[in-house]
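Asker: Each residue of the sequence shown is one higher than the one before, counting from 2 in the working numbering. Here's a structure for you.
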Amino acid sequence: MDDVIIIGGSFAGLAAALQLGRARRKVTVLDTG
């Protein structure tokens, strides 16, 4: 189970995912296309 789901793979979404990953959180990024 994921700790965080980020909707949108823009620069801000990926930066947030990177920071959360470094904090040992399970992250899923959802993006279209």
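Heads up, the beta-carbon is just placed ideally off N, CA and C, and yes, glycines get one too. As the structure is a computational prediction, the values presented were derived from the model and not from experiment.
Can you name the start and end residues of the alpha helix (DSSP H) that Ala16 belongs to?
Answerer: Run containing Ala16: Phe12 to Arg23, per the alpha helix (DSSP H) assignment.
Asker: Suppose you measure from the CA of Gly36 to the CA of Arg25; what does that come to, to the nearest Å?
Answerer: The structure shown does not extend to residue 36, since the chain is modelled only from 2 to 34, so the question has no answer here.
Asker: Whole angstroms is fine: what's the gap from Ile6's alpha carbon to Ala18's?
Answerer: Their Cα atoms are separated by approximately 9 Å.
Asker: If you reduce the DSSP assignment to three classes, tell me which class Thr33 lands in.
Answerer: DSSP places Thr33 in coil when its eight states are reduced to three.
Asker: Given a cut-off of 8 Å on the beta-carbon distance, is the pair Gly10 and Val28 in contact?
Answerer: No. Outside cutoff.
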